[in-house]
Structures are given as C-alpha cells and as structure tokens.
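Take the sequence shown: its position 22, counting from 1, is numbered 21 in numbering that gives the first Met the number 0, and each next residue is one higher. Virtual Cβ for every residue (Gly too), placed ideally from N, Cα, C. This one's a predicted model, so the numbers in the text were calculated from it and none came from an experiment.
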Amino acid sequence: MATFEELLDRWDGEQAVIHRDSENDAWIFICMHSTRLGPAAGGTRMKVYDTPADGLEDAMRLSAGMTAKLAVADLGLGGGKAVLAVQRIPQGEQRRALLHRYGDIVASLGGSFITSSDVNTGEEDMDVIAERTEHVFGRSEAAGGAGDPGPFTALGVFHGIKATLKHVFGSNALSGRTVLVQGVGSVGAALADLLGREGAAIIVADVDPERARAVALAVSGSTVEPDAALEQECDVYAPCALGATLSTATVPRLRCRIVAGSANNQLAEPGAAELLRDVGILYAPDYVINAGGAIGINYLEVNNRSQADVDAALQRIGDTLKEIYERAEREGVTTAAAADAVAASRLSA
Ligand code: NAD
0 MATFEELLDR
10 WDGEQAVIHR
20 DSENDAWIFI
30 CMHSTRLGPA
40 AGGTRMKVYD
50 TPADGLEDAM
60 RLSAGMTAKL
70 AVADLGLGGG
80 KAVLAVQRIP
90 QGEQRRALLH
100 RYGDIVASLG
110 GSFITSSDVN
120 TGEEDMDVIA
130 ERTEHVFGRS
140 EAAGGAGDPG
150 PFTALGVFHG
160 IKATLKHVFG
170 SNALSGRTVL
180 VQGVGSVGAA
190 LADLLGREGA
200 AIIVADVDPE
210 RARAVALAVS
220 GSTVEPDAAL
230 EQECDVYAPC
240 ALGATLSTAT
250 VPRLRCRIVA
260 GSANNQLAEP
270 GAAELLRDVG
280 ILYAPDYVIN
290 AGGAIGINYL
300 EVNNRSQADV
310 DAALQRIGDT
320 LKEIYERAER
330 EGVTTAAAAD
340 AVAASRLSA
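Below, the structure written as structure tokens:
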C-alpha cells in the first residue's frame, strides 16, 4: 500500500490539500489536477475507505479524469476533485460540522478550486458548504442553484445515443431500436423516459426491483434481472449504474452494437476499449457522453446562461462524439484514445 509521500511523488497534478479533521474524525483531500484551462472543478465525494491513502489516491485519479472531461466539454474549467474520507457517513450536526470545515478550506483556496456534488453528497450538502464559500455549485433550486444534475446528464446521454446511432446505422431514429438501461436512478430513469418518448423499446435492469418495475411500467418497457443484463440482446447498452462493467471478460458477453451511458469509468481496463472495437461495438467514451450535468450546472449557476443555451450545449455532446468517432477511424485508434487525444490537444493549445 502506497504512503501519502509515494502517492504525491508519482502524481502529475498541480496541488493537493490534505487536512486531518480530528474533531470530525475525517480526512479532507482536495486535488487540483490542472488549472491550465481555468479553476480546477470537481465534485465532493464522501466515502468510507480502508485507509486514508486510498481516499487520497481516489481524489488524485478522479481529478485527472475531470481535467480530461472538462477539457473536452470546453467549459473553461480545469480538473479537480475532493474526497471527504470518513469512518462512517455522518448525519445531522456532525455532517454539517464536517461540511463547514471543508467549506472553510475551499474558501481559503480563493476560487482556484470549485466544487459540486458527487457520491454521497447532494444539493442539500452544497447548500451547507455555500454557507462558508461561494465556490460551490449544484445547490438546491430553493437556494438559487440548478438542483439535481441527473436530468442534464440524461439529456446529454440521450443526444449522445442519437449521434452514435447515426454513426452506426446511418439514422438517429429511436423507433425500432432497443436500449438496455442498466441502473434507473437519477440519470437512468430520466434517460429511459426521453428514449421511450421517441419510440425506443426500453429494457430496464436495476438491483432495486421495485424501481426497475416502476420505470419499465412508465415507459411501457420490460425488465431483465441485473445479473443477466450484459447478455441481453439490444442495439444500445446504456450503463447508468456503476463503473467498470467493461472488461476483457465482459465484452465478449455483450450482444449490442453500441455502449453509451452515464456511468463513470466504464472501462475496467484499457484492453476493453480495443476489444470493443475489435468485436464491432461502438463505445461512446464515458466522460464525453456524461458531461451534461457539469455543463448544465456551469451554464445556469456560474455563467447565468439560459435554459435554451443549456439545451444547445447538451446537443453539442452528440457533435463532439461524432468528431471523436471520425477521428478514431481516421487515426486507427479506439474511441477512448481519440477522446483522450481531443482532451490533450485542448490542454496543450
Ligand atoms: P443513482 O444512485 O441515482 O442511480 C444508480 C442506480 O443504479 C440505482 O437505481 C441503483 O439501484 C442502480 N444500481 C446499482 N448497482 C446496480 C447494478 N449492479 N445493476 C443494476 N443497477 C444497479 O446514480 P445516478 O446519479 O443516476 O448516476 C448513475 C451513474 O452515472 C453513476 O456511475 C454516476 O457516477 C454517473 N454520473 C452521474 C451524473 C449525474 O449527473 N448524476 C453525472 C455524471 C456521471
């Protein structure tokens, strides 16, 4: 297991803030991977880790991912991430105290790091952090924020799926297409709704059977057991639950032509991207297709743009994917590598 020193030594990011909050029995890690294109932006993850170093490593890895994601989304933002590594997920006053302490640290960074919600944090938490710093977004609508980013993310994935259908089949029509939505939470349920309205046949998989049934009913679709989801025959597999579902072991089980969904870090290993290409499945790189939440919040809360501007920007996710697919074909690389190349060229421009 690596120590803090070893992790910092091999990290290619710009700045890491490490704070031991003994009062709340937590570690606060803020990793600013890159401010090359603007303030380092990224969510605040609250999580129980085996060791504090695991929390720091997660923040480092996730912050690098944000640099690439925000570079491709072209928002004038760099990449960052914060992790609140806790012994157990705090509630009530203890949670407020930790979020206030964290908010003070974010404030002390003077806007070089700006944050929003992530795993185990939500809009109410952003409202609490906002009591200490202005550099927090994804606040509740009641507090003047943009609220839940899930619907923005879903709309971006929807446009991404249509652009990917067009590339594979020559038509972006959803009618006659079958989409498997794996995970129907904040993003997946909204995505199923959008796809269903345009005539796609929806198959839902969720570990929460009640939720799966309710969403399937609402979109006149069907359900499949979560364990059988990967083998389900469909045109589009949309992973909207957990990451790492694509590996050299799982790709041969897929019976789809397209993988396009919101889950972060879908590729469990780099070889999965090559295998997807080799078996003729077009993969929409996760951090490109799932940028809608970041785009929506940034447009509405940071730049005071209109809903029409947000809609246009989410539609552009489809255009960006088209460029990535064309670049991948031209250069003979995977779509994941083509997305990384677009990010790298924006960062070096
Ligand atoms: P969520 O927690 O609201 O929903 C996740 C759903 O997946 C839940 O219904 C859960 O029961 C289900 N699920 C969990 N494990 C599953 C499994 N093994 N098989 C099938 N279903 C399973 O989360 P969300 O906000 O909708 O986000 C979904 C994914 O998209 C996550 O990977 C998240 O990191 C990513 N993402 C979300 C946003 C956003 O705006 N919310 C933005 C970018 C990326």
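- Bounds of the alpha helix (DSSP H) holding I323 are 306 to 330.
- A distance criterion of 7 Å places the beta-carbon of S221 beyond contact range of ligand 1, judged by its closest non-hydrogen atom.
- With a 10 Å radius around the Cβ and a threshold of 16 neighbouring Cβ atoms, S116 comes out buried.
- Judged by their CB atoms, G77 and L36 are nearer to each other than the 8 Å cut-off.
- The three-state reading of DSSP puts R254 in strand, counting E and B together.
- With contact defined as three or more Cβ pairs closer than 8 Å, the segment 144 to 162 and the segment 205 to 218 are not in contact.
- Between A81 and G41, the C-beta gap is smaller than 8 Å, which places the two residues in contact.
- For L241, same chain residues with a beta-carbon under 8 Å away, outside a window of 5 residues either side, are G182, A262 in chain order.
- DSSP places T66 within a helical segment (H, G or I) once states are collapsed to three.
- Those residues placing their Cβ nearer than 6 Å to any heavy atom of ligand 1 are, following chain order, P148, G149, T152, Q181, G182, V183, G184, S185, V186, G187, A204, D205, V206, D207, R210, P225, C239, A240, L241, G242, S261, A262, N263, N289, G292.
- Counting only the Cα atoms, V218 lies some 40 Å from F112.
- Sequence-distant partners of P51 (beyond 5 residues in either direction) whose C-beta falls short of 6 Å from its own C-beta, in its chain, are W26, A84.
- 8 Å or more divides the Cβ of L98 from the Cβ of D73.
- Scanning V71, H18, V127 for the CA closest to the CA of Q90 turns up V127.
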